[in-house]
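Here the sequence shown stands for residues 784 to 1053, numbered as in our numbering. Glycine included, C-beta positions come from ideal geometry on N, C-alpha and C. Small disclaimer: the values here were computed from a predicted structure and weren't measured. Worksheet for the structure shown next.
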Amino acid sequence: MEIKILELTENKAKFVLSGCSPAFANAIRRIIISEVPSMAIDDVFVYENSSVLNDEFIAHRLGLIPLKTDLDSYVLPEKCKCKSEMGCNRCRVVGTLDVEATDSRKTVYSGDLKFEDPDIKPVTDKIPIVKLEAGQKLKLEVHAKLGTGKQHAKWQPVSTCAYKYMPNITISKKICDNCGLCVEACPKKVLSLEDGKLKVVDLLKCTLCKECMNVCPKQPPAIKVEADETTFIFTVESTGCLPVKRILVEAAEILKSKVEELSKEAKGLG
Ligand code: SF4
Ligand code: SF4
Ligand SMILES: [Zn+2]
784 MEIKILELTE NKAKFVLSGC SPAFANAIRR IIISEVPSMA IDDVFVYENS
834 SVLNDEFIAH RLGLIPLKTD LDSYVLPEKC KCKSEMGCNR CRVVGTLDVE
884 ATDSRKTVYS GDLKFEDPDI KPVTDKIPIV KLEAGQKLKL EVHAKLGTGK
934 QHAKWQPVST CAYKYMPNIT ISKKICDNCG LCVEACPKKV LSLEDGKLKV
984 VDLLKCTLCK ECMNVCPKQP PAIKVEADET TFIFTVESTG CLPVKRILVE
1034 AAEILKSKVE ELSKEAKGLG
């Protein structure tokens, strides 16, 4: 198995995974989406809310704010030794929000949330929560916890995690007369006529739509597009809660521990 990185920034990774089965690629995708933990607000204690939105509506909005996550200092509540419903310093972070619109309309933003641990904070201060008219107030306490996308989508660490098969395009030089019809038909500009000859210029953009094959006047078509079912182009984008590199490493660790567990169980059966 091989991994070739095409693009890697703090929040986005694009890479080619080759030499594995679709089942393996899908296992990695599903673990990234549903099993790598991240932090989100889970309990909200409303002390005062005179805004136009009811408490549940505001709690829902607060839950969906992505938070910077520290996987080294916190544990999942179900794995914490405290076994307490309210949690402890290892399994939850307490935050407060106290905003009042005194004499004019005011918007409450994610940046108004203040957590006891300065490393835990919204990934951006600019997410609007509610608008307060003059005289309205919102005062509450929140408990943020680690969780997984399997429990609730608010704990998904990624906004995108998808892959597609690597395309394999072959052009039959014997049949192709370089008419250019496929170049015009390709919606992704994968093909081009260079010096009057048909060429593949941007293979990774191909979506395997096969429109080029459909428009080719030759029978059988002079161009053939196939999916390589052992090579996958992955795109993963973090919500900002964790660097995308950390998400990939965590997913690999989770998959490894699942395989080890399965092999231990299988040995026990034998
Ligand atoms: S399969 Fe679709 S995207 Fe790929 S080269 Fe052909 S027309 Fe373009
Ligand atoms: S449409 Fe067919 S014949 Fe024309 S350039 Fe494309 S592959 Fe060649
Ligand atoms: Zn605890």
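Its chain contains V966, K982 and V984 as the residues whose beta carbon lies nearer than 7 Å to that of S975, once the 5 sequence neighbours on both sides are disregarded; these appear in chain order.
For S817, same chain residues with a beta-carbon under 8 Å away, outside a window of 5 residues either side, are T931, G932, K933 and Q939 in chain order.
The DSSP-derived three-state label of H926 is strand. Judged by pairs of C-beta atoms under 8 Å, the stretch 949-963 touches the stretch 1007-1018, as three or more such pairs exist. For A945, the CB contacts under 7 Å within the same chain, skipping 5 residues up- and downstream, are T1018 in chain order.
With fewer than 16 neighbouring CB atoms inside 10 Å of its own CB, Q1002 falls in the exposed class. For T990, the CB falls within less than 7 Å of some heavy atom of ligand 1. Cα atoms of S1021 and L850: separation of roughly 11 Å, rounded to the nearest angstrom. With a cutoff of 8 Å on beta-carbon distance, P1004 and K928 are scored as not near each other.
The beta-carbon separation of E883 and K920, rounded to 4 Å, stays under the 8 Å limit for a contact. In this structure, the alpha-carbon of D895 lies about 52 Å from that of A1049.
Nearest in C-alpha terms to C969, of all of C989, K957 and I954, is C989.
Cβ-Cβ separation between A796 and K1028: approximately 7 Å, consistent with a contact (criterion under 8 Å). G870 counts as buried, since at least 16 other C-beta atoms from the protein chains shown sit within 10 angstroms of its C-beta. Assignment of P970 by DSSP, reduced to helix, strand and coil, places it in the coil class. Checking the 7 Å criterion, the Cβ of I1037 is out of range of every heavy atom belonging to ligand 1.
Shown here for T852: same chain residues with a beta carbon closer than 8 Å to its own, the five before and five after excluded, namely P820, S821, M822, I903, L929, P940, C1024 and L1025 in chain order.
With respect to the C-alpha of E899, the residue from H926, R888, T907 and L915 having the closest C-alpha is H926.
CA-to-CA, the gap between D881 and Y892 works out to about 11 Å. DSSP places G878 in the strand class (E or B) of the three-state scheme. Placement of the Cβ of K980 at a distance of 7 Å or more from every heavy atom of ligand 1 is found. Here C944 carries a strand assignment [DSSP, helix/strand/coil]. Taking a 10 Å sphere around the C-beta of Y830, we find fewer than 16 other C-beta atoms and assign the residue as exposed.
Sorting G918, D826, G1051 and D908 by C-alpha distance to the C-alpha of C874 places D826 at the top. Annotation: the continuous beta strand (DSSP E) that includes P911 extends over P911 to L915. Contact annotation: L845 and I824 have beta-carbon atoms nearer than 8 Å.
For L1038, the uninterrupted alpha helix (DSSP H) run begins and ends at V1027 to L1052, by DSSP.
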